[in-house]
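Undergrad: The structure follows.
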Ligand code: BDR
Ligand code: CA
């Protein structure tokens, strides 16, 4: 890396309320330059995700960040529809039914997959990719360019190793969208960090924090507070024992910026693609004795330090501070 140059970041989002919080966390992190967003599906269709990404980049003062449309459905399917539970948690528009101004910028003509491949070829060690939705774009990039898997550094939100899943007793939502793609990624990429429900359900946000954003009196602060309150309200119904909403996707960005926020277990992973456990992330028994482990799974998190970082970084964006690259 050229002295003084920042590390680069790509977010692969299905935006989504916690994806929007992850975007704000990334923009509030001066250590990294966000070079692009690639849109995937999950909480929303790719088309809706693109629209949300463009609108939020404008709202957060960074309309210069390019947005690329990704693959629209899972490898084993030929279309995608938003699940009722996703619409309940994130709203039909993905951002808690909060209205944001129509973006002036438009989606790039280059595909998300080509952007991912070219960025890895250009920046190598100096780039981290953070997928927080279906892993379909990553698998497509692996397939199109065999050097992608060897050179990409990936910190993804998804999976559950030590706790049950959130769409079935085994499967977490992002993995469940496209188990085949996730399996390709965790087996085939040389550097994988998994930020799963094991840790993201320990990092919770409450109405106490969102009140602080609203009190700033900014458009960005009002959006972040209103959308996150919608998300917390959904958690009040689906997981009332938690007492807040899970900061799934922001934690993945947090770890990309500062891996010391979590404890990591080196492991060779696989994703079950057959039977009742389809979508489960688990150790790959065929590589148990392989001394080389290509993945690390977060099994513990410094909750207090992460929440402090989260409020500081997202707070900058909420306040309407200049978050230029
Ligand atoms: C993951 O699923 C999506 O709903 C969230 O945005 C997050 O990426 C949590 O299981
Ligand atoms: Ca997401």
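Residue numbers (this note's numbering): 1362 to 1686.
Where is the CB? At the ideal position from N, CA and C, for every residue including glycine.
Pull up the distance between the alpha-carbon of residue 1622 and that of residue 1609, whole angstroms please.
TA: Cα-Cα distance, rounded: 14 Å.
Undergrad: Starting from the N-terminal end, write out each residue whose C-beta falls within a distance shorter than 7 Å of any non-hydrogen atom of ligand 2.
TA: Any residue whose Cβ sits closer than 7 Å to a heavy atom of ligand 2 makes the list: 1374, 1375, 1377, 1379, 1380, 1403, 1404, 1493, 1494, 1518, 1535, 1609 and 1610.
Undergrad: Is the segment 1384-1397 touching the segment 1670-1680, taking contact as three or more C-beta pairs under 8 Å?
TA: Cβ pair count under 8 Å is three or more, so yes.
Undergrad: Under 7 Å from any heavy atom of ligand 1, does the C-beta of residue 1533 make it?
TA: At least one heavy atom of ligand 1 is nearer than 7 Å to the Cβ of residue 1533, so yes.
Undergrad: Please state if the CB of residue 1473 and the CB of residue 1498 are separated by a distance shorter than 8 Å.
TA: A contact, by the Cβ cut-off of 8 Å.
Undergrad: When you measure from the CB of residue 1454 to every non-hydrogen atom of ligand 1, does any distance come out below 7 Å?
TA: For ligand 1, not one heavy atom lies less than 7 Å from the Cβ of residue 1454.
Undergrad: Label residue 1435 either buried or exposed according to how many other C-beta atoms from any shown protein chain fall within 10 Å of its C-beta, with 16 as the threshold for buried.
TA: With 16 or more Cβ atoms within 10 Å of its Cβ, residue 1435 is classed as buried.
Undergrad: Using C-beta distances below 6 Å, list every residue in its chain close to residue 1577, excluding the 5 sequence neighbours before and after it, in chain order.
TA: Contacts found: 1679 and 1680.
Undergrad: Buried or exposed: residue 1530, going by 16 or more other Cβ atoms within 10 Å of its Cβ?
TA: Result: exposed.
Undergrad: Just to check my reading of the structure: residue 1398 and residue 1372 have Cβ atoms closer than 8 Å, yes? What is that Cβ distance to the nearest angstrom?
TA: About 5 Å separates the two Cβ atoms, so the contact holds.
Undergrad: Give every residue of the same chain whose Cβ lies closer than 7 Å to the Cβ of residue 1654, excluding the five residues on either side of it in the sequence, and list them in chain order.
TA: Within the same chain, residue 1654 has close Cβ partners 1627, 1628 and 1629.
Undergrad: For the segment 1403-1414 against the segment 1375-1382, do three or more pairs of beta-carbon atoms, one drawn from each stretch, fall closer than 8 Å, so that the two count as touching?
TA: Yes, they touch.
Undergrad: For residue 1451, report the span of its alpha helix (DSSP H) as first-last.
TA: First-last of the alpha helix (DSSP H) with residue 1451: 1445-1451.
Undergrad: For the segment 1582-1632, list the beta strand (DSSP E) runs that are entirely contained and at least 3 residues long, ordered along the chain.
TA: Segments of the beta strand (DSSP E) lying fully in the segment 1582-1632: 1623-1628 and 1630-1632.
Undergrad: By DSSP, does residue 1478 sit in helix, in strand, or in coil?
TA: Residue state, collapsed to three classes: helix.
Undergrad: Going by C-alpha distance, which of 1514, 1525, 1487 and 1533 is nearest residue 1494?
TA: For residue 1494, the nearest C-alpha among the options comes from 1533.
Undergrad: Taking Cβ to Cβ, would you say residue 1516 is nearer than 8 Å to residue 1556?
TA: A contact, by the Cβ cut-off of 8 Å.
Undergrad: Should residue 1413 go down as buried or exposed, given a rule of 16 or more other Cβ atoms within 10 Å for buried?
TA: Looking at its Cβ environment, which holds 16 or more other Cβ atoms inside 10 Å, residue 1413 is buried.
Undergrad: Report buried or exposed for residue 1611, applying the criterion of at least 16 other Cβ atoms within 10 angstroms of its Cβ.
TA: By the 10 Å Cβ count, residue 1611 comes out buried.
Undergrad: For residue 1429, does the three-state DSSP call read helix, strand or coil?
TA: Strand at residue 1429.
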